[in-house]
Amino acid sequence: MGLLTVPLIGLLARVSWSTLGSDLTSSVALDALRLSLVCSLAATGLSVVLGLPLAWLLARTEFRGKSLVRAITVLPLVLPPVVGGVALLLAFGRDGLLGRPLFDWLGIQFTFSTAGVVLAETFVAMPFLIVTVEAALQMTDVRFEEVAASLGAGRWATFRLVTAPMIWSSLIAGVALTWARALGEFGATITFAGDIEGRTQTLPLAVYLALEGDERVAVALSFLLLVISLAVLIALRGRWLGAVRR
Amino acid sequence: MRRPAGRSCAIAAVAVLAMMAAACSSSSSTATTSTTTSTTGAPLSGSITVSAASSLTGTFTQLASSFHHVHPGTSIAFNFGSSGALATQIVSGAPADVFASASPSDMATVQAAHLVFGKPVTFARNRLEIVVKPGNPLAIHSLAALDKAAVVAICVPTAPCGSTAQEALAKAGVTLPTSKVSLGADVDATLAQVTTGDADASIVYVTNAATVGDQGVAVPIPPAQNVSTSYPISVLTTTTDRSLASAWVAYVLGPVGRAALLRAQFLPPG
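If you want it as structure tokens, here you go:
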């Protein structure tokens, strides 16, 4: 417990309260905050759109190679973020596997762009959503969905009216975890999207650079991130992975 | 409730593989200790930590291995990084024995905290150079031509390579818009943005440009626009082995050190 609380207390003790307002409203801080919010929300949205079907596939269907697919979706959870950044670079960089054709034929470049930040954040955060939702789906009784189907409901209607309400708590928890992970992402972002103020310099990157010379600003930005994280935790109020409320 | 057997096994396997990979890739840079032998004077042994600017990585690592041949009982651990960050670490209590900075101002920060033993000695100087992608596809031949680049990598202003780069750009009358500038925490990270990443150009030291091989092309900056920085070195008062720390500093300042620095394209301190 001490291991967890002492660093937090240490951070709070070093916040310069009198200058907090001006530190957090400087153009660097506002740019970083805006970027962080926009990119993390976009990454969360993308994770839901791509991750929900994948979670449903893993929980409800059987197919060859399913354990491999499951291992790959969980991989970003255990991969060191900077390694994820290198992998993204090798795949989507201008000389990368997919990046080269994307750039040569469509002129699309992900590195050093806000889209690249969203890509990096989705890569590291989506597994959180997949794992949470899959666990929840496995705990719900598939017979409810079978009954709905036998009564004539299509797949989307079944999901919307029967499955979703049953896994709602877990879905919310998964979305919150995914968003928090995307917000805090550093290693993959700085490796893949670089550090451009206003375009790719999210809050964690701004803290890292401020630490080099302006500790007061770094502490202020860290405090902001801490407050945001605490707000998410309090909003979740104990509803964690796999909890199913009827 | 269904719980497919393959799931926990697959997750466990991935986790174990990941931990093994992480463990295997981390390595320590300390040399192994062995029996002490004496070459000149008393036998040296023990271990020290040297905090040095990242531009000294190649040279100091080489010097450490030849130092170890001369003094086999010793081990030197390096802490390379941006001089601004290193100075902050030392002032905050990081246990280093020697500090080699890429700028006098970062050494002055440590001196102001009364952590420098004696007087720092300048042992080298460095200048700036532009590094671009192999083949120089955008035909960048000067600082002024940097506006052709979509992204230029420069060190953070708190690193000596960053502040000197800003000075050089100002001297050349070039202003790069913020949306084009990607900041690197230290000079190695900045160079990597061109050699490994997609940045079109970077402003780094001549000594870094000398190491790019076929991963980049160096574009010189004329003396009128170029800015040089001096490297002071000093033993710190927090050293746990003053004789070994002083011996290392003497080695760097001596003929072997001077030769290694010149080979790496540093300028002599004069």
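Which chain is which? The protein sequence lines are B and F, in order. The opening residue of the first sequence carries number -9 in the numbering used here; numbering runs sequentially from there. The opening residue of the second sequence carries number 3 in the numbering used here; numbering runs sequentially from there. By construction, the Cβ of each residue, glycine as well, lies at the ideal position given by its N, Cα and C atoms.
Those residues which DSSP pairs with residue i across a bridge
| i | result |
| --- | --- |
| F:S128 | The question names Ser, but residue 128 of chain F in the sequence shown is Asn. Beta-bridge pairing links F:N128 to F:T231. |
| F:C157 | F:G186 |
| F:R251 | Here residue 251 of chain F turns out to be Val, not Arg, going by the sequence shown. DSSP lists no partner for F:V251. |
| F:P222 | F:E131 |
| F:F82 | F:A54 |
| F:A203 | F:V134 and F:V154 |
| F:T76 | F:G48 |
| F:A102 | F:A54 and F:I235 |
| F:V123 | F:I235 |
| F:L118 | Looking at the sequence provided, one finds Val at residue 118 of chain F rather than Leu. Answer by DSSP bridge pairing, in chain order: F:L238. |
| F:L269 | F:R127 |
Burial state of residue i (16 or more Cβ within 10 Å)
| i | result |
| --- | --- |
| F:A266 | buried |
| F:P139 | exposed |
| F:D188 | buried |
| B:E135 | buried |
| B:E52 | exposed |
| F:R129 | buried |
| F:P224 | exposed |
| B:G41 | buried |
| F:A66 | buried |
| B:S140 | exposed |
| B:I62 | exposed |
| F:M109 | buried |
| F:G86 | buried |
| B:S160 | buried |
| B:L48 | buried |
| B:T168 | buried |
| B:D21 | buried |
| F:S57 | buried |
Beta carbon proximity, residue i to chain F, threshold 8 Å
| i | result |
| --- | --- |
| B:G83 | yes |
| B:T179 | no |
| B:I120 | no |
| B:P(-3) | no |
| B:F102 | yes |
| B:D185 | yes |
| B:V5 | no |
| B:E135 | no |
| B:R206 | no |
| B:L161 | no |
| B:L237 | Lying before the first or after the last residue shown, residue 237 of chain B is absent from chain B, which here runs from -9 to 236. |
| B:R24 | no |
| B:G164 | no |
| B:L97 | The question names Leu, but residue 97 of chain B is Gly in the sequence shown. It does not: the Cβ of B:G97 has no partner Cβ on chain F nearer than 8 Å. |
| B:R171 | no |
| B:L79 | yes |
| B:R189 | yes |
Beta-carbon proximity list for residue i, same chain, < 6 Å, skipping 5 on both sides
| i | result |
| --- | --- |
| B:D13 | V207 and A210 |
| B:A45 | I120, V123 and E124 |
| F:T241 | D99 and A247 |
Cβ neighbours of residue i in the same chain (closer than 8 Å, five flanking residues each side left out)
| i | result |
| --- | --- |
| F:A212 | A220, A266 and Q267 |
| F:L238 | I92, A98, D99, V100, F101, V112, L117, V118, F119 and A247 |
| B:L36 | V108, T112 and M116 |
Contacting residues, own chain, Cβ-Cβ under 7 Å from residue i (five flanking each side not counted)
| i | result |
| --- | --- |
| B:A33 | V108, E111, T112, A115 and A172 |
| F:Q195 | A155, S184, G186, A201 and S204 |
| B:L92 | I98 |
| F:T197 | V214, Q217 and G218 |
| F:A167 | L130, I156, C157 and I205 |
| B:A105 | none |
Cutoff 8 Å: residue i Cβ touching any chain B Cβ
| i | result |
| --- | --- |
| F:T111 | no |
| F:V237 | no |
| F:G215 | no |
| F:G86 | yes |
| F:S103 | no |
| F:A161 | yes |
| F:Q91 | no |
| F:S181 | yes |
| F:I153 | The displayed chain sequence assigns Val, not Ile, to residue 153 of chain F. So yes, F:V153 belongs to the interface. |
| F:T198 | yes |
| F:Q1 | A question about residue 1 of chain F goes unanswered here, because the residues of chain F that appear run from 3 up to 272. |
| F:C26 | At F:C26 the pLDDT is 46, less than 50, meaning the model places this residue with poor confidence and gives no usable figure here. |
| F:A187 | yes |
| F:V158 | yes |
Contact the stretch 112 to 125 of chain F vs the stretch 227 to 236 of chain F: 3+ CB pairs below 8 Å: yes
contact_flag[the stretch 110 to 118 of chain F, the stretch 127 to 138 of chain F] where n(CB pairs < 8 Å) is 3 or more: no
The stretch 185 to 204 of chain B in contact with the stretch 144 to 160 of chain B per 3-pair CB rule at 8 Å: no
At least 3 beta-carbon pairs within less than 8 Å: the stretch 69 to 77 of chain B vs the stretch 173 to 181 of chain B: yes
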